[in-house]
Amino acid sequence: MESVSSGDLCTVCKGDLERRGKVQCSRCTTSAHKSCLPAPTPKPYICTRCSASAARVSSAIMKALKAKSGLTAGASPSDRCTPPVKKLVKRSRSSPPSTSTEKIVKMSRTDQRVTLPADGEGAPAWFRAYEKRLNGTLGEIRGRIDSLDARFGALDTRVEEIARQQCEQRGLIAENKLEIRKLDQRVSSEITDLRGCLTNNLNEITALRGDLNAASHPVSAAHLDLLSSADLCEVRIAGIPSEVETDSFKTAELVLDALELSRLAPLILKVRSWLPRTQASANAATASTSTGITKRTMVVRRASAGARDVLLAAAPRLRLLPIGPIFGIEHDGPDRLHMSTILPGPLYELFKKCQTTSRALKYLPPIARGLRIFIRQSRKSTLIPIVSEADLAKLNPHTS
1 MESVSSGDLC
11 TVCKGDLERR
21 GKVQCSRCTT
31 SAHKSCLPAP
41 TPKPYICTRC
51 SASAARVSSA
61 IMKALKAKSG
71 LTAGASPSDR
81 CTPPVKKLVK
91 RSRSSPPSTS
101 TEKIVKMSRT
111 DQRVTLPADG
121 EGAPAWFRAY
131 EKRLNGTLGE
141 IRGRIDSLDA
151 RFGALDTRVE
161 EIARQQCEQR
171 GLIAENKLEI
181 RKLDQRVSSE
191 ITDLRGCLTN
201 NLNEITALRG
211 DLNAASHPVS
221 AAHLDLLSSA
231 DLCEVRIAGI
241 PSEVETDSFK
251 TAELVLDALE
261 LSRLAPLILK
271 VRSWLPRTQA
281 SANAATASTS
291 TGITKRTMVV
301 RRASAGARDV
311 LLAAAPRLRL
321 LPIGPIFGIE
331 HDGPDRLHMS
341 TILPGPLYEL
351 FKKCQTTSRA
361 LKYLPPIARG
371 LRIFIRQSRK
381 STLIPIVSEA
391 DLAKLNPHTS
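In UniProt numbering, the protein residues as written are 1 to 400.
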């Protein structure tokens with residue numbers, strides 16, 4: 001078994017000094033627990049062993065002083081007197097040095113016996129200076145010891161505060177671990193639910209795809225060509241007087257205001273003049289009306305197909321509105337604005353064939369919505385989608 005030195009044990013309770021605050025003796029290396037000493041703790045602290053040793057030394061010194069003062073008081077007058085001095089004899093050159101103590105006796109004849117008083121008032125100056133310097137050194141040492149004791153006391157307080165904070169942190173860590181465990185369980189449960197919902201959604205999507213594949217029909221090559229064409233969502237407005245600019249946003253906004261569709265003005269992306277590709281179309285676009293006024297055509301691009309369709313649905317109302325009040329100019333005559341959609345090339349060719357077929361079979365004029373063309377017998381009839389010329393061949397003449 002490993003032995004424990006006495007310096008590592010408390011002088012009062014004989015316990016281990018490493019776990020609690022301790023105070024060291026100012027005269028030896030022994031220490032004691034601060035809690036084992038009476039409050040307040042004396043500064044500097046002196047252990048019981050050193051106190052007993054100091055008491056024994058003080059007792060011995062007092063006894064010696066008392067014994068010495070008793071001897072001095074009991075001496076006889078003959079002993080206290082100075083012994084007679086012998087006359088010195090002159091020594092010859094050839095004689096050896098004298099070994100007598102007559103000179104010493106002669107010197108001591110003028111001296112008196114010196115006895116230090118008990119209270120130290122008659123002490124020599126060197127002794128008083130030494131005692132003063134020693135007391136100053138002891139005071140300085142005591143001050144340093146007190147400073148160290150205060151610093152150690154503050155250190156003990158800080159250590160106790162750190163221990164308290166560590167205890168609080170352990171409690172908080174335990175609470176956080178519990179919260180994290182609960183949160184982990186809840187997140188795991190929610191993830192499991194989300195996975196189940198995702199699986200159900202995937203199953204529903206798969207079922208919808210199956211139903212869509214079963215209900216869909218093969219798309220013809222002509223329809224694929226139509227779908228490959230881009231829909232720019234453009235509308236053509238014809239019949240504009242020559243004094244009105246055809247490439248201005250203001251002109252398009254005036255037309256929308258006349259149709260009470262000013263809310264669609266922010267959806268205008270681009271305005272340009274109509275540039276036909278053929279000479280016949282160019283002549284028609286700039287033809288003179290019955291009044292002798294040249295008319296021009298403009299193109300308005302909408303932000304979406306829905307906005308384009310809303311504008312085309314209100315196009316028939318332009319037949320009832322004179323041109324002059326629309327643009328704020330003086331214009332008389334029966335001329336009116338005309339609005340139509342601009343379809344991609346392949347779709348436009350199919351739309352012209354639909355117009356020819358509708359006149360031949362006595363159907364209503366075809367309708368273009370987005371990139372799809374519809375035709376019907378009357379206003380109450382169901383719209384018939386036209387994808388290719390084969391759909392036109394299936395139509396029956398209108399008999400009513």
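Virtual Cβ for every residue (Gly too), placed ideally from N, Cα, C.
Predicted model only: the values in this text are computed from it and were never measured.
- Just how far apart, CA to CA, sit Asp309 and Leu194? Between Asp309 and Leu194, the C-alpha separation is close to 41 Å.
Checklist entry - With Arg301 and Cys197 assumed to form a contact (beta carbons below 8 Å), what rounded beta-carbon distance in angstroms separates them? => result That pair is no contact at about 43 Å.
Own chain, CB closer than 8 Å to Leu395, minus 5 neighbours either side, in chain order: Correct list, in chain order: Thr357, Leu361, Tyr363, Ile375 and Ile384.
| query | Shortest alpha-carbon distance to Leu392 belongs to which of Leu350, Ala368 and Leu371? | reply | Residue Leu350 is the option with its Cα nearest to Leu392.
For Glu190 and Leu183, what's the separation of their Cα atoms in angstroms?
Taking the straight line joining both Cα atoms gives about 10 Å.
| query | Is Val187 helix, strand or coil by DSSP? | reply | The DSSP-derived three-state label of Val187 is helix.
Practice task
Please list, in chain order, all residues of the same chain as Ala55 whose beta carbon is under 8 Å from its beta carbon, the five residues on each side excluded.
Solution key: Shown here for Ala55: not one same chain residue has a beta carbon closer than 8 Å to its own, the five before and five after excluded.
With C-beta atoms as the reference, is His331 less than 7 Å away from Gly239? No, the pair does not count as a contact, with Cβ atoms beyond the cut-off.
So, are the CB atoms of Val57 and Ala32 less than 7 Å apart?
Their beta carbons are not under 7 Å apart, which means Val57 does not touch Ala32 by this criterion.
field: C-alpha distance - Thr157 paired with Arg151, whole-angstrom precision
entry: In a straight line, the C-alpha of Thr157 is about 10 Å away from that of Arg151.
Check your understanding: Is it right to say Arg296 is buried, meaning 16 or more other beta carbons lie within 10 angstroms of its own, or is it exposed?
Key -> For Arg296, the number of other beta carbons within 10 angstroms of its own is at least 16, and it is reported as buried.
Original post:
Which runs of the beta strand (DSSP E) spanning at least 3 residues fall entirely within the region 283 to 344, listed in chain order?
Top reply: The qualifying runs are 295 to 302 and 338 to 341.
Can you give me the C-alpha to C-alpha distance between Ser288 and Lys353, rounded to a whole angstrom? With a pLDDT of only 47 at Ser288, under the threshold of 50, the placement of this residue in the model should not be trusted, and no figure is reported.
| task | Could you give the DSSP three-state label for Glu234: helix, strand or coil? | result | Here Glu234 sits in strand by DSSP.
Buried/exposed call for Val159, threshold 16 Cβ in 10 Å:
Answer is exposed; the Cβ neighbour count stays below 16.
Are the beta-carbon atoms of Cys10 and Cys50 separated by less than 7 Å?
Cβ atoms of Cys10 and Cys50: not closer than 7 Å.
According to DSSP, residues forming a beta bridge with Ser273: Paired residues: Met298.
Could you tell me the alpha carbon to alpha carbon distance between Val219 and Pro344, rounded to whole angstroms? Only weak support exists for where Val219 lies, its pLDDT of 49 falling under 50; the value from the coordinates is given anyway. Straight-line measurement puts the Cα of Pro344 at about 19 Å from the Cα of Val219.
Q: Determine the direct distance from the alpha carbon of Arg317 to that of Lys380, and round the result to whole angstroms.
A: Their Cα atoms are separated by approximately 21 Å.
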